[in-house]
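Okay, structure first, notes after.
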Amino acid sequence: MALSDLWFVLIAVLFIGFMILEGFDFGVGMGTKFLAKTEREKQLLIHTIGPVWDANEVWLITAGGAMFAAFPHWYATVFSGYYMPFVLLLIVLIARGVAFEFREKVDSPKWIAVWDWSIFAGSIVPPFLLGVLFSSMLKGMPVDGDMNLHAGFADFVNIYTVAGGVAFVLLSYLHGLLFLTLKTEGPMRKRAKEAALRIYWAAGIVLAVFIGLTAVYTDAFASRQAILIPLFAVVLILYALLHRLIKKGREGFSFTVTAVTLAAVTASFFIGLFPNVLVSTIDSAFNMTIKASASGEYSLKLMTFVALTMVPIVIGYTIWSYYVFRKRLTEDSEHLEY
Amino acid sequence: MEEVLLARIQFASTTLFHFIFVPLSIGLALIIAIMQTLYVVKKKEIYMKMTKFWSVFFLINFAIGVVTGIFQEFQFGMNWSTYSRFVGDIFGAPLAVEALLAFFLESTFIGIWIFGAHKLSKKVHLASIWLVSIGTVLSAFWILAANSFMQNPVGYQLQNGRAEMNDIVALLTNEKLWVAFPHTIFGSIATGAFFVVGVSAFYLLKKRQTDFFKKSIGIGLLVGMVGGLGLAFTGHSQAQYLMHAQPMKMAAAEGLWEDSGDPAAWTVIAKIDSDKQVTTQRLEIPYLLSYLSYNEFSGKVLGMNTLNDQMVEKYGEGNYIPPVKTTFWSFRIMAGTGGVLVMASLLGLFLLFRKKIAASSLYLKLMIPVIFLPFIGNSFGWIMSEIGRQPWVVNGLMKTADAVSPNVSAGQILFSLISFSTIYAILGIIMVVLFVKVIQRGPEERKQEDVSVTDPFNVGGVTNGTK
Numbered sequence: 006m007a008l009s010d011l012w013f014v015l016i017a018v019l020f021i022g023f024m025i026l027e028g029f030d031f032g033v034g035m036g037t038k039f040l041a042k043t044e045r046e047k048q049l050l051i052h053t054i055g056p057v058w059d060a061n062e063v064w065l066i067t068a069g070g071a072m073f074a075a076f077p078h079w080y081a082t083v084f085s086g087y088y089m090p091f092v093l094l095l096i097v098l099i100a101r102g103v104a105f106e107f108r109e110k111v112d113s114p115k116w117i118a119v120w121d122w123s124i125f126a127g128s129i130v131p132p133f134l135l136g137v138l139f140s141s142m143l144k145g146m147p148v149d150g151d152m153n154l155h156a157g158f159a160d161f162v163n164i165y166t167v168a169g170g171v172a173f174v175l176l177s178y179l180h181g182l183l184f185l186t187l188k189t190e191g192p193m194r195k196r197a198k199e200a201a202l203r204i205y206w207a208a209g210i211v212l213a214v215f216i217g218l219t220a221v222y223t224d225a226f227a228s229r230q231a232i233l234i235p236l237f238a239v240v241l242i243l244y245a246l247l248h249r250l251i252k253k254g255r256e257g258f259s260f261t262v263t264a265v266t267l268a269a270v271t272a273s274f275f276i277g278l279f280p281n282v283l284v285s286t287i288d289s290a291f292n293m294t295i296k297a298s299a300s301g302e303y304s305l306k307l308m309t310f311v312a313l314t315m316v317p318i319v320i321g322y323t324i325w326s327y328y329v330f331r332k333r334l335t336e337d338s339e340h341l342e343y
Numbered sequence: 007m008e009e010v011l012l013a014r015i016q017f018a019s020t021t022l023f024h025f026i027f028v029p030l031s032i033g034l035a036l037i038i039a040i041m042q043t044l045y046v047v048k049k050k051e052i053y054m055k056m057t058k059f060w061s062v063f064f065l066i067n068f069a070i071g072v073v074t075g076i077f078q079e080f081q082f083g084m085n086w087s088t089y090s091r092f093v094g095d096i097f098g099a100p101l102a103v104e105a106l107l108a109f110f111l112e113s114t115f116i117g118i119w120i121f122g123a124h125k126l127s128k129k130v131h132l133a134s135i136w137l138v139s140i141g142t143v144l145s146a147f148w149i150l151a152a153n154s155f156m157q158n159p160v161g162y163q164l165q166n167g168r169a170e171m172n173d174i175v176a177l178l179t180n181e182k183l184w185v186a187f188p189h190t191i192f193g194s195i196a197t198g199a200f201f202v203v204g205v206s207a208f209y210l211l212k213k214r215q216t217d218f219f220k221k222s223i224g225i226g227l228l229v230g231m232v233g234g235l236g237l238a239f240t241g242h243s244q245a246q247y248l249m250h251a252q253p254m255k256m257a258a259a260e261g262l263w264e265d266s267g268d269p270a271a272w273t274v275i276a277k278i279d280s281d282k283q284v285t286t287q288r289l290e291i292p293y294l295l296s297y298l299s300y301n302e303f304s305g306k307v308l309g310m311n312t313l314n315d316q317m318v319e320k321y322g323e324g325n326y327i328p329p330v331k332t333t334f335w336s337f338r339i340m341a342g343t344g345g346v347l348v349m350a351s352l353l354g355l356f357l358l359f360r361k362k363i364a365a366s367s368l369y370l371k372l373m374i375p376v377i378f379l380p381f382i383g384n385s386f387g388w389i390m391s392e393i394g395r396q397p398w399v400v401n402g403l404m405k406t407a408d409a410v411s412p413n414v415s416a417g418q419i420l421f422s423l424i425s426f427s428t429i430y431a432i433l434g435i436i437m438v439v440l441f442v443k444v445i446q447r448g449p450e451e452r453k454q455e456d457v458s459v460t461d462p463f464n465v466g467g468v469t470n471g472t473k
């Protein structure tokens, strides 16, 4: 395996890690609008992700940095080509990031309402945009011979990319609800479970539709049948079992299933793209391959060394931080303020 | 070419805004870590109270620093894609390493620190704020490693039409990095310190919580002295670096069109006419420029016209002179603020050791506006550094005008420029309002809340339904 292939896998892993980790805290963020009824309940929800959301977001920043360093052309093409979606993504992420810190600093319902909307927008828009981003990259974008992307609205927004976006949003919400069944006690735990059972169907249908559309709109199945068919088969079987798991209160298992589902959907984009990083709709000769988009050997070697040393350490203290905050929270927990 | 201008405005404004928060975060993280260490070592409640009070500012500030930082990483690809393609190999690597080495550390341990006060032992909780502090410094190191490459490209070879890394040791031992990194860190330390000094001075003037703020101002002044003196020494080494690595920037900073005499005098202020290429009405200090440049009292400094001729010979026809007035005045504003900070810290320490500080109302009054000086110094330091490098984005390798994204329209950049400016302005206002609120409330108010509310960071927070 060439180092550039390894980095393609590593970047996929970073995005998968991001979708699993930030996925549940996006879901909890959506829950602050749909699930929480009182101020106290909102605080409870926010508190469940308080210690970890910031670190979860770093997975995205690291993925972006890794693209820049390992695949400068990919980074340059995507970030300039998806200019407006990224502007929108950044705006909502900025609003969300400060909202957690700001919302309880001033004792005014209006003030709190503003930041509640920020948290909600910042939790629902990013998974949608990332779903659009990945599915459109797989479907193909108008990349020219100079590796520049000139996309129009229909390239970003079409039935396939919207399905991808909605799938990410609903799966994240379900994932977040299941996280809440793990992290809370009492009425909130019960309500999260009930909501999860309801969302289960919507998310399941969109997931199935999305997989179907992938077969229609992309070459992924044609070129990667041997991997994608078993992968999606496993996902659909697990998902079919999920309803029972939730009902029975197997919270750890249920949460693992949504994590696996999000991971598989994210991974499928990268599997479908390989050995390209971007598919061109103008001319397949303009497809950007992993090899042609990558940095030099020296840079990749160095980064591999850094990643192999640092990633285990990062994972180590990340696990430790989840261990520190392993206890369930209740509404009577003494301090829920941020 | 409108795109270049808009992208530059966007880069400058978002970077300068981001850089309001970064130095304050670095400085305050260190000071809070020191306060909490004092608490763990001396076991006196007052140090914990100090840690809690100052951390409210730190956390508000940190949040804005983090969110505005995300755009910093993204905009290289969004607005400067040609640049990103050209240098991603060597410029992207430090950014990726920063994320792996520093961002994860900061963001994980800040969560642990905020929420872990009652779940962790005192020592582990203390260790987590030190890890945050170390993370902020590491972050600065890798960003400056990347920036130093733009100022002084090393450790690369031109291959496949790109600058590819071939020597990481050269990149990390880049002379520019080792003059810029300490200078930036000392600047940050001074920023945090004079914030603590100024806010404490406000309370001492009002005679509120005198013991608490006498201790705080003492810590602030000691740290501020380290920052101020560090700034002065590292600033001097920056000048010497410029002389041999970026002489054009140095000449512009001096408004020096023709070569200087030998020994060279340092210009305090002057009138610069960039069109006629003359500098008149100089107020000069003899010998000083030679000393600044070479550490000795002789030696001439080349002027911009000579340097431009040299560069035309090397890189072809063109104007390689950066905006002179901006560079000249930015340098003076930066250096001036540094000088005031050194004097302020020394005078304050003198008053502190004679136990007169709480009574010196003139000094205390002056320290309140001094809060803003480090921010001004930091900003103009960067303006000098980045404007003085123009027209290059990577010195000698790539011009700024050639670096933009060819597929992004001026309209798109303008849209994002307006969006981000609006949001950043709102964030700036909110920060000021929140800071004022926290200052008005002060540390004493906490006592009136339920004492069993043990969340250490709820100073001034809403307590809806807490008890």
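Same order as they appear, the protein sequences are chains A and B. At position 297 of the first sequence the residue is numbered 302 (our numbering), and the sequence of numbers has no breaks. At position 353 of the second sequence the residue is numbered 359 (our numbering), and the sequence of numbers has no breaks. Glycine included, C-beta positions come from ideal geometry on N, C-alpha and C.
Query: For Q396 (chain B), the nearest candidate out of B:A176, B:N314, B:L358, B:I432 (CA to CA); Result: B:N314
Query: Chain A contacts from the stretch 126–144 of chain B (Cβ-Cβ distance under 8 Å); Result: L126
Query: Listed by chain order, chain B residues near M24 (chain A) by CB distance under 7 Å; Result: The contacting residues do not exist; M24 (chain A) stays about 17 Å from chain B at best.
Query: Buried versus exposed call for M24 (chain A) [16 or more other C-beta atoms within 10 Å across all chains shown]; Result: buried
Query: Below-9 Å beta-carbon distance, L8 (chain A) vs any chain B residue; Result: no
Query: Cβ-based burial, S298 (chain A) [other Cβ within 10 Å; buried from 16]; Result: buried
Query: Chain A contact residues for D95 (chain B), given Cβ-Cβ distances below 7 Å; Result: P77, S300, G301, S304
Query: Pairwise C-alpha distance: F64 (chain B) and D288 (chain A); Result: 52 Å
Query: Selected residue, minimal CA-CA separation from F275 (chain A), among A:F226, A:V221, A:A168; Result: A:F226
Query: Contact set between the stretch 114–131 of chain A and chain B, restricted to residues whose Cβ is under 8 Å from the partner; Result: I117
Query: Whole runs of the alpha helix (DSSP H) within the stretch 77–108 of chain A, excluding any shorter than 4 residues; Result: 77–86, 88–107
Query: For R452 (chain B), three-class secondary structure by DSSP; Result: With a pLDDT of 49 at R452 (chain B), under the threshold of 50, the modelled position of that residue is not reliable, and the figure given next carries that caveat. Here R452 (chain B) sits in helix by DSSP.
Query: Three-state secondary structure assigned by DSSP to Y45 (chain B); Result: helix
Query: Beta carbon of F200 (chain B) nearer than 9 Å to that of G233 (chain B); Result: yes
Query: Beta-carbon separation (whole angstroms), Q16 (chain B) vs N85 (chain B), contact threshold 8 Å; Result: 6 Å
Query: Within-9 Å CB hit, R452 (chain B) to chain A; Result: Note that R452 (chain B) scores 49 on pLDDT, short of 50, meaning its location in the model is unreliable; the coordinates nonetheless yield the value given after this. For R452 (chain B), the answer is no, since every Cβ of chain A falls outside 9 Å of its Cβ.
Query: Segment limits, beta strand (DSSP E) that includes V148 (chain A); Result: Taken as a continuous stretch (DSSP letters only), V148 (chain A) belongs to no beta strand (DSSP E), as it is neither H nor E.
Query: Any chain B beta carbon closer than 9 Å to H248 (chain A); Result: no
Query: Sequence ranges, beta strand (DSSP E) only - wholly within the stretch 375–450 of chain B, length at least 3; Result: 398–400
Query: Residue interval of the beta strand (DSSP E) (run including R168 (chain B)); Result: 168–171
Query: Collapsed DSSP secondary structure at V10 (chain B) in the structure displayed; Result: helix
Query: Outcome for R331 (chain A) when other beta-carbon atoms lying within 10 angstroms are tallied against a minimum of 16; Result: exposed
Query: Supposed close pair L307 (chain B), S266 (chain B) - CB separation, criterion 8 Å; Result: Reading the sequence as shown, one finds Val at residue 307 (chain B) and not Leu. Contact holds; Cβ gap of about 4 Å.
Query: CB contact check: V73 (chain B) to chain A, cutoff 9 Å; Result: yes
Query: Residues that V103 (chain B) contacts on chain A, provided the C-beta gap is smaller than 7 Å; Result: V311
Query: Burial state of F303 (chain B) (16 or more Cβ within 10 Å); Result: exposed
Query: Partner residues on chain B for Y322 (chain A), Cβ-Cβ distance less than 7 Å; Result: T114
Query: First through last residue of the alpha helix (DSSP H) which encompasses K55 (chain B); Result: 51–85
Query: Where D279 (chain B) sits in the DSSP three-state scheme; Result: strand
Query: Unbroken beta strand (DSSP E) run spanning L289 (chain B), endpoints; Result: 284–291
Query: Any chain A beta carbon closer than 9 Å to N153 (chain B); Result: no
Query: Cβ contact check for the stretch 204–216 of chain A and the stretch 172–179 of chain A: 3 or more pairs under 8 Å; Result: yes
Query: Buried/exposed call for S336 (chain B), threshold 16 Cβ in 10 Å; Result: buried
Query: Continuous beta strand (DSSP E) stretch holding V282 (chain A): start and end; Result: 281–283
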